[in-house]
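Asks:
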Amino acid sequence: MKKQMTELKNKKILIWLGVFISLSLGIIYKLSSDSTKITETVEENKVENKTTINNEEENNEQVEFKKLSILTNKCRGCGRCTRIDPEHFEMNRETGKAMVISSTNLKSESLALAIQSCPDSAISLE
Ligand code: SF4
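Here the numbering used here is used: the first residue of the sequence shown is 9, the next is one more, and so on.
1. So the candidates are Leu133, Ile23 and Leu22; which of them puts its Cα closest to the Cα of Lys74?
2. Can you give me the start and stop residues for the alpha helix (DSSP H) that Ile109 sits inside?
3. To the nearest angstrom, how far is it from the Cα of Ile1 to the Cα of Thr14?
4. Are there any heavy atoms of the ligand SF4 lying less than 7 Å away from the beta-carbon of Pro127, as far as the coordinates show?
5. Nearest by alpha-carbon distance to Leu119: which of His96, Met107 and Arg101 is it?
6. Which stretch, first to last residue, makes up the alpha helix (DSSP H) that contains Leu114?
7. Check whether the Cβ of Ile162 lies closer than 7 Å to any heavy atom of the ligand SF4, and answer yes or no.
8. In chain order, what residues of the same chain have a beta carbon less than 6 Å from the beta carbon of Gly85, not counting five sequence neighbours either side?
9. State the start and end residues of the unbroken beta strand (DSSP E) segment that holds Leu76.
10. Whole angstroms are fine: how far does the CA of Lys115 sit from the CA of Ile83?
11. Counting C-beta neighbours from all protein chains within 10 Å, is the total for Ile92 16 or more, i.e. buried, or is it exposed?
12. By alpha-carbon positions, which one of Arg88, Glu102 and Thr112 ends up nearest to Leu2?
Here you go:
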């Protein structure tokens, strides 16, 4: 009788041990799958950031390739652009029309204002 009681106790202990191990494995699996998801999210963010940076670089390249020019057949030679933005424009004494003297800093506010202010829409930035 005593031996049967001991065997029953051992069986109970084994059952509880099995339950404990199963729960532990379940928790470990859940934690590892969550950390995998976090890693995947971080990787996705890295890819998105790289894509954004690449797009910005492409946009910058587009700006770099823009060409500033005067459409001389439209320019009346008023000189307004040279007064507003002397960094980019100068009057050509021979032709009496504006000419481009610099193609850098194409994002400047004064250039944008000069383009807007030209009465003949003779400044091209494409
Ligand atoms: S503002 Fe326009 S029209 Fe006047 S000089 Fe400049 S380009 Fe020519």
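Ideal placement from N, C-alpha and C gives every residue a C-beta, glycine not left out.
On a predicted model such as this, the values are computed, not experimentally measured, just so you know.
Replies: Looking at the coordinates:
1. The residue given as residue 74 occupies position 66 in the sequence shown. For the residues Leu133, Ile23 and Leu22, the minimum Cα distance to Lys74 belongs to Leu133.
2. One-based indexing of the sequence shown puts residue 109 at position 101. That residue, Ile109, is in no alpha helix (DSSP H); it is neither H nor E in DSSP.
3. Not covered by the structure: residue 1. The range shown for the chain is 9 to 134.
4. Within the sequence shown, residue 127 is the residue found at index 119, counting from 1. Because some heavy atom of the ligand SF4 lies under 7 Å away, the Cβ of Pro127 counts as near it: yes.
5. The residue you call residue 119 lines up with position 111 of the sequence shown. Comparing Cα positions, the closest option is His96.
6. Working through the sequence shown from its first residue, we reach residue 114 at position 106. Looking at the DSSP string, Leu114 is not in any alpha helix (DSSP H), and its letter there is neither H nor E.
7. Outside the displayed range of the chain (9 to 134) lies residue 162, so it cannot be described from this structure.
8. Looking up residue 85 in the sequence shown gives position 77. If we look at Gly85 and ignore the five residues flanking it on each side, its Cβ neighbours are Gly104 and Lys105.
9. What you label residue 76 is simply residue 68 of the sequence shown in a count that begins at 1. That run of the beta strand (DSSP E) goes Leu76 to Ile78.
10. As a position in the sequence shown, residue 83 is number 75, starting the count at 1. As a position in the sequence shown, residue 115 is number 107, starting the count at 1. For the sequence presented, residue 83 should be read as Cys rather than Ile. Using only the alpha carbons, I get a separation of about 22 Å.
11. Reading the sequence shown from its first residue, position 84 is the one you call residue 92. Within 10 angstroms of the beta-carbon of Ile92 lie 16 or more other beta-carbons, which makes it buried.
12. Outside the modelled stretch of the chain, which goes from 9 to 134, sits residue 2, for which no answer is possible.
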